[in-house]
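Chemist:
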Amino acid sequence: MGLSTYSFEDGTITASFVGQEIAEGRNKGTYVILTGTGKYEGAKGGGGFEGVPARNSPVKGVGIFDITLNVTVPPSQ
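Here my numbering = 1-based position in the sequence shown + 10.
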């Protein structure tokens, strides 16, 4: 488990995650979006990921994951 922050040109999204090994060298998990900045201020939602952590990656030292974030942002006032 841990925290991830994703940076975009128009803001950031911070999410907590929990994952587990699903097969030899592959991980899968879920996200809960905690907060955002910029365009993503007040962001909520969730998502998931699946992939290969850095220790098992064909690219030395780099984890490779498919990530889906389902983001809801309050309307601008």
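C-beta: ideal position from N, C-alpha, C; glycine also.
Between residue 80 and the rest of its own chain, which residues show a CB-CB distance below 7 Å, the 5 nearest in sequence each way excluded?
Modeler: Here residue 80 refers to the residue found at position 70 when the sequence shown is read from its first residue. Only 55, 56 and 57 meet the Cβ criterion.
Chemist: In the structure shown, what three-state DSSP assignment does residue 53 receive?
Modeler: Residue mapping note: residue 53 aligns to position 43 of the sequence shown, counting from 1. Three-state DSSP puts residue 53 in coil, outside helix and strand.
Chemist: For residue 29, which of helix, strand or coil comes out of DSSP?
Modeler: Start at 1 with the first residue of the sequence shown, and residue 29 comes out as number 19. Three-state DSSP puts residue 29 in a strand.
Chemist: Here's the rule: buried if 16 or more other CB atoms are within 10 angstroms of the residue's CB, otherwise exposed. What is residue 18?
Modeler: If you number the sequence shown from 1, residue 18 lands on position 8. Exposed.
Chemist: Out of 85, 21, 45 and 50, which one is the CA nearest neighbour of residue 13?
Modeler: Position 3 of the sequence shown, counted from the first residue, corresponds to residue 13. Per the Cα distances, 45.
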